[in-house]
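Adding 201 to a residue's 1-based position in the sequence shown gives its number in the working numbering.
Even glycine gets a Cβ: it sits at the ideal position worked out from N, Cα and C.
Working notes for the structure below.
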Amino acid sequence: MLYLVVCAAPPAQAIAELIGLLQEKNWTVCVIATPRAAGWMDISALADKTGRPVRDEYQGPDDSESLPRADVIAVAPATFNTVNKWVAGISDTFALGLLNEAIGLRLPIVVAPYAKSSLAAHPAYARSLQTLSEWGVTVLPNEAIRVGAARDVFDWRPVVDALDGV
Ligand SMILES: Cc1cc2nc3c(=O)[nH]c(=O)nc-3n(C[C@H](O)[C@H](O)[C@H](O)COP(=O)(O)O)c2cc1C
Numbered sequence: 202m203l204y205l206v207v208c209a210a211p212p213a214q215a216i217a218e219l220i221g222l223l224q225e226k227n228w229t230v231c232v233i234a235t236p237r238a239a240g241w242m243d244i245s246a247l248a249d250k251t252g253r254p255v256r257d258e259y260q261g262p263d264d265s266e267s268l269p270r271a272d273v274i275a276v277a278p279a280t281f282n283t284v285n286k287w288v289a290g291i292s293d294t295f296a297l298g299l300l301n302e303a304i305g306l307r308l309p310i311v312v313a314p315y316a317k318s319s320l321a322a323h324p325a326y327a328r329s330l331q332t333l334s335e336w337g338v339t340v341l342p343n344e345a346i347r348v349g350a351a352r353d354v355f356d357w358r359p360v361v362d363a364l365d366g367v
C-alpha cells in the first residue's frame, strides 16, 4: 500500500501518469491531496483509477472511515509550503498530519520537491530538505521530475526508481 501525497504544484495536474506507473509496479495506490492540490486534480477520475477515494480533508469527530496502513509514502510534487510546514511539525492539512505521523512511525518516504528557483533559494527550504534527509527520508533533487521548460510534461522515473530502492 503506497500513499501518494500530492501538493499544489503543476505536476499535480498530471499525477494520473505517476499513478499508472506505480500500478504497473504492483503498488496499491491511495491518493492523499492537500486541499489546494485537490482543486487542481480530477478527484473522481483518480478515485476510479485507484479504486479508493482521494482524501484531502480531516474527517469529522463522528466519522469512522480509516485508511489502510501504508507500507511506503511518496510525496510528489512536494511544495515549498508543505515541505517547510512538515519539518516544523505543523499538521493543518490531512496530508501533513499523515506525513508527521509517518516520521514518527519511521515509514519509508520518498519526496519529490518541486519549487521554482526563487523559492528554492530561500534558506528555509534547503534546511527543511536537509532535515528530512537526516530523518531518513529519501529526498530527490528539487524539480527532479521537471522536463526542461515543459509545463505539462514530467519525468516520473526518479520517483518510481527511488521507491524501488526503499
Ligand atoms: C499556478 C501556480 C503554480 C504554483 N507552482 C508552485 C510550485 O511549483 N511549487 C510550489 O512550491 N508552490 C507552487 N505554487 C504555490 C502553492 O500552490 C501554494 O504555496 C499552496 O499554498 C501550496 O499548498 P500545499 O502545500 O498545501 O499544497 C503555485 C501556485 C500557483 C497558483
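For ligand 1, is there a heavy atom less than 8 Å away from the beta-carbon of T251?
Every heavy atom of ligand 1 is 8 Å or more from the Cβ of T251, so no.
Which whole-angstrom value is the C-beta distance of A217 and K250, which I expect to be below 8 Å?
Between K250 and A217 the Cβ distance is about 6 Å, and since that is below 8 Å, they are a contact.
Between P309 and V207, is the Cβ-Cβ spacing less than 9 Å?
Not closer than 9 Å, so no.
Output needed for E344: all residues of its chain with C-beta closer than 6 Å, excluding positions within five of it in sequence on either side, in chain order.
The answer, listed in chain order, is Y315.
Hey, how far is the Cα of R157 from the Cα of P211?
Absent from the model: residue 157. The displayed extent of the chain is 202 to 367, so no value can be given.
Nearest-angstrom Cα distance between L300 and R256?
Computed Cα separation, rounded: 13 Å.
Would you call S245 buried or exposed, if buried means 16 or more other Cβ atoms sit within 10 Å of its Cβ?
Label assigned to S245: exposed.
Is the distance from the Cβ of V276 to the Cβ of V367 below 9 Å?
No, Cβ-Cβ distance for V276 and V367 is not below 9 Å.
Under a three-way DSSP split, which group does A248 fall into?
A248 falls in the helix class under three-state DSSP.
Considering only their Cβ atoms, is the gap separating A209 from G240 smaller than 9 Å?
The answer is yes: Cβ separation under 9 Å.
Determine the closest residue to T280 out of E266, D263, L330, with distance taken between C-alpha atoms.
Closest option to T280, Cα to Cα, is L330.
Would you identify the three-state DSSP class for P324, choosing helix, strand or coil?
In this structure, P324 counts as helix in the three-state DSSP scheme.
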